[in-house]
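Just add 8 to the spot in the sequence shown (first one is 1) and you have my numbering. Idealized CB from N, CA, C, for every residue including glycine.
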Amino acid sequence: MSAEIEARIRELGITLPQAAAPAANYVPFVISGSHLYISGQLPMENGKVAITGHLGDGIDVATGQRAAELCAINILAQAKAALGGDLSRIRRIVKLNGFIASKPTFIEQHLVMNGASNLIAKVLGDAGIHARAAVGMAALPFNAAVEIDAVIEIA
9 MSAEIEARIR ELGITLPQAA APAANYVPFV ISGSHLYISG QLPMENGKVA ITGHLGDGID
69 VATGQRAAEL CAINILAQAK AALGGDLSRI RRIVKLNGFI ASKPTFIEQH LVMNGASNLI
129 AKVLGDAGIH ARAAVGMAAL PFNAAVEIDA VIEIA
(Lines of atoms letter the chains of each structure in order from A; the text may use other names.)
(Lines give C-alpha, C1' and ligand atoms only; values in the text may rest on other atoms or scores of the structure.)
Protein backbone atom coordinates (compact mmCIF):
# COMPACT_ATOMS: atom_id res chain seq x y z
CA MET A 9 0.00 0.00 0.00
CA SER A 10 2.81 2.44 0.79
CA ALA A 11 4.30 1.81 -2.66
CA GLU A 12 0.87 2.55 -4.17
CA ILE A 13 0.69 5.91 -2.37
CA GLU A 14 4.26 6.77 -3.33
CA ALA A 15 3.43 5.90 -6.96
CA ARG A 16 0.41 8.25 -6.91
CA ILE A 17 2.59 11.01 -5.49
CA ARG A 18 5.10 10.51 -8.34
CA GLU A 19 2.32 10.35 -10.96
CA LEU A 20 1.07 13.72 -9.72
CA GLY A 21 4.56 15.16 -10.16
CA ILE A 22 4.95 15.78 -6.43
CA THR A 23 8.18 15.49 -4.51
CA LEU A 24 7.58 15.46 -0.77
CA PRO A 25 9.99 17.87 0.91
CA GLN A 26 11.86 17.30 4.13
CA ALA A 27 9.34 17.88 6.93
CA ALA A 28 9.70 21.46 8.16
CA ALA A 29 10.95 22.15 11.67
CA PRO A 30 8.67 24.18 13.95
CA ALA A 31 9.10 27.96 13.86
CA ALA A 32 8.20 28.49 17.54
CA ASN A 33 7.54 26.60 20.79
CA TYR A 34 5.54 23.62 19.51
CA VAL A 35 6.08 20.24 17.87
CA PRO A 36 5.25 19.55 14.21
CA PHE A 37 3.05 16.57 15.06
CA VAL A 38 1.66 14.58 17.97
CA ILE A 39 0.52 10.96 17.97
CA SER A 40 -2.14 10.20 20.58
CA GLY A 41 -3.72 6.76 20.45
CA SER A 42 -4.76 6.10 16.87
CA HIS A 43 -4.66 9.75 15.83
CA LEU A 44 -1.91 11.85 14.31
CA TYR A 45 -2.29 15.60 14.75
CA ILE A 46 -0.29 17.69 12.29
CA SER A 47 0.46 21.29 13.28
CA GLY A 48 -0.48 24.04 10.85
CA GLN A 49 1.49 23.85 7.62
CA LEU A 50 2.24 26.88 5.49
CA PRO A 51 2.61 26.97 1.68
CA MET A 52 6.34 26.29 1.87
CA GLU A 53 8.31 25.54 -1.27
CA ASN A 54 12.10 25.29 -1.48
CA GLY A 55 12.40 26.26 2.17
CA LYS A 56 10.39 29.47 2.08
CA VAL A 57 6.78 30.64 2.14
CA ALA A 58 5.87 30.61 -1.55
CA ILE A 59 2.55 32.48 -1.53
CA THR A 60 2.01 35.47 0.73
CA GLY A 61 -0.66 38.10 1.13
CA HIS A 62 -4.45 38.11 1.26
CA LEU A 63 -7.04 36.50 -0.96
CA GLY A 64 -9.15 39.17 -2.61
CA ASP A 65 -6.27 41.65 -2.40
CA GLY A 66 -3.93 40.71 -5.22
CA ILE A 67 -4.25 36.93 -4.79
CA ASP A 68 -6.89 35.12 -6.83
CA VAL A 69 -8.63 31.82 -6.06
CA ALA A 70 -6.36 29.78 -8.36
CA THR A 71 -3.25 31.07 -6.58
CA GLY A 72 -4.91 30.42 -3.23
CA GLN A 73 -5.64 26.85 -4.35
CA ARG A 74 -1.95 26.40 -5.20
CA ALA A 75 -1.08 27.66 -1.70
CA ALA A 76 -3.51 25.11 -0.24
CA GLU A 77 -1.92 22.36 -2.36
CA LEU A 78 1.50 23.28 -0.99
CA CYS A 79 0.11 23.10 2.54
CA ALA A 80 -1.30 19.63 1.77
CA ILE A 81 2.06 18.50 0.39
CA ASN A 82 3.70 19.66 3.62
CA ILE A 83 1.03 17.84 5.66
CA LEU A 84 1.93 14.64 3.80
CA ALA A 85 5.63 15.30 4.44
CA GLN A 86 4.97 15.69 8.17
CA ALA A 87 2.80 12.54 8.18
CA LYS A 88 5.57 10.61 6.46
CA ALA A 89 8.08 11.80 9.07
CA ALA A 90 5.72 10.99 11.93
CA LEU A 91 4.97 7.50 10.59
CA GLY A 92 8.55 6.43 9.96
CA GLY A 93 8.19 6.90 6.21
CA ASP A 94 5.13 4.63 5.93
CA LEU A 95 2.15 6.58 4.57
CA SER A 96 0.18 3.33 4.32
CA ARG A 97 -0.41 3.67 8.07
CA ILE A 98 -2.91 6.43 7.25
CA ARG A 99 -6.37 4.96 7.65
CA ARG A 100 -8.20 8.21 7.04
CA ILE A 101 -7.75 11.93 6.93
CA VAL A 102 -10.35 12.83 9.54
CA LYS A 103 -10.33 16.60 9.20
CA LEU A 104 -8.46 19.47 7.58
CA ASN A 105 -8.74 22.94 9.10
CA GLY A 106 -7.94 25.66 6.60
CA PHE A 107 -7.10 29.22 7.54
CA ILE A 108 -7.13 31.60 4.59
CA ALA A 109 -5.73 35.13 4.91
CA SER A 110 -8.36 37.21 3.16
CA LYS A 111 -10.02 40.57 2.92
CA PRO A 112 -13.33 40.77 4.81
CA THR A 113 -15.19 40.93 1.48
CA PHE A 114 -13.60 37.68 0.17
CA ILE A 115 -16.09 34.80 0.56
CA GLU A 116 -14.56 31.95 -1.44
CA GLN A 117 -12.41 30.34 1.27
CA HIS A 118 -14.14 27.02 0.51
CA LEU A 119 -12.88 27.15 -3.08
CA VAL A 120 -9.34 27.86 -1.91
CA MET A 121 -9.48 24.80 0.37
CA ASN A 122 -10.40 22.64 -2.61
CA GLY A 123 -6.72 22.82 -3.58
CA ALA A 124 -5.79 20.83 -0.46
CA SER A 125 -8.87 18.59 -0.42
CA ASN A 126 -8.46 17.55 -4.05
CA LEU A 127 -4.75 16.81 -3.69
CA ILE A 128 -5.22 14.73 -0.52
CA ALA A 129 -8.03 12.74 -2.15
CA LYS A 130 -5.93 12.10 -5.29
CA VAL A 131 -3.00 10.86 -3.23
CA LEU A 132 -4.88 8.77 -0.66
CA GLY A 133 -8.07 7.76 -2.47
CA ASP A 134 -11.00 6.98 -0.15
CA ALA A 135 -8.76 7.43 2.90
CA GLY A 136 -8.28 11.04 1.81
CA ILE A 137 -11.98 11.98 1.95
CA HIS A 138 -12.35 14.19 5.02
CA ALA A 139 -14.35 16.72 7.00
CA ARG A 140 -12.99 20.26 6.89
CA ALA A 141 -13.28 23.90 7.79
CA ALA A 142 -12.29 26.88 5.64
CA VAL A 143 -12.01 30.07 7.67
CA GLY A 144 -11.03 33.59 6.65
CA MET A 145 -8.30 35.19 8.77
CA ALA A 146 -6.98 38.73 9.14
CA ALA A 147 -3.36 37.55 9.05
CA LEU A 148 -1.23 34.41 9.25
CA PRO A 149 2.39 33.77 10.32
CA PHE A 150 5.04 35.05 7.90
CA ASN A 151 2.26 36.70 5.87
CA ALA A 152 1.34 33.27 4.45
CA ALA A 153 -1.81 33.23 2.34
CA VAL A 154 -2.97 29.85 3.71
CA GLU A 155 -2.29 27.59 6.69
CA ILE A 156 -3.76 24.11 7.13
CA ASP A 157 -3.62 21.61 9.97
CA ALA A 158 -4.81 17.99 9.98
CA VAL A 159 -6.24 15.23 12.12
CA ILE A 160 -5.40 11.79 10.76
CA GLU A 161 -6.48 8.32 11.90
CA ILE A 162 -3.54 5.91 11.77
CA ALA A 163 -2.86 2.22 12.17
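Inter-residue Cα distance where the pair is residue i and residue j
| i | j | result |
| --- | --- | --- |
| L127 | G66 | 24 Å |
| I83 | I156 | 8 Å |
| E12 | A129 | 14 Å |
| F107 | P36 | 17 Å |
| I182 | A15 | Given that the chain is displayed from residue 9 to residue 163, the structure contains no residue 182 and the question cannot be resolved. |
| N54 | A163 | 31 Å |
| S40 | V131 | 24 Å |
| C79 | A29 | 14 Å |
| A153 | A27 | 20 Å |
| D134 | D94 | 17 Å |
Buried versus exposed call for residue i [16 or more other C-beta atoms within 10 Å across all chains shown]
| i | result |
| --- | --- |
| E77 | buried |
| R18 | exposed |
| P112 | exposed |
| V57 | buried |
| G136 | buried |
| K88 | buried |
| G122 | In the sequence as displayed, the identity of residue 122 is Asn instead of Gly. With 16 or more Cβ atoms within 10 Å of its Cβ, N122 is classed as buried. |
| L91 | buried |
| S125 | buried |
| V38 | exposed |
| A31 | exposed |
Heavy atom of the ligand MN within 6 Å of residue i beta-carbon
| i | result |
| --- | --- |
| D157 | Because no ligand of any kind appears in the structure shown, any question about the ligand MN cannot be addressed here. |
6 Å CB neighbourhood of residue i in its chain, flanking five on each side removed
| i | result |
| --- | --- |
| P25 | A85 |
| A158 | I46, I83 and L104 |
Neighbour flag for residue i against chain B, beta carbons, 7 Å
| i | result |
| --- | --- |
| V154 | Absent from the structure: chain B. Only one protein chain is present. |
7 Å Cβ shell around residue i - same chain, five flanking residues per side excluded
| i | result |
| --- | --- |
| T71 | I59 |
| E161 | S42, H43, R99, R100 and V102 |
| Y34 | S47 |
Other residues of its chain near residue i: CB distance less than 8 Å, five sequence neighbours each side excluded
| i | result |
| --- | --- |
| Q117 | L63, G106, I108, S110, A142, V143 and G144 |
| V69 | L63, E116, L119 and V120 |
| I81 | I22, L24, P25 and L127 |
Spell out a yes or no on whether the segment 53 to 69 and the segment 124 to 142 are touching, meaning 3 or more CB-CB pairs, one atom from each, closer than 8 Å.
no
Take every Cβ of the segment 144 to 163, pair it with every Cβ of the segment 45 to 53, and state whether three or more of those distances are shorter than 8 Å.
yes
If you scan the segment 11 to 80 from start to end, which runs of the beta strand (DSSP E) of 3 or more residues do you find wholly inside it?
37 to 40 and 43 to 49
List, from N- to C-terminal side, the beta strand (DSSP E) runs of 3 residues or more that fit wholly inside the segment 117 to 155.
139 to 145
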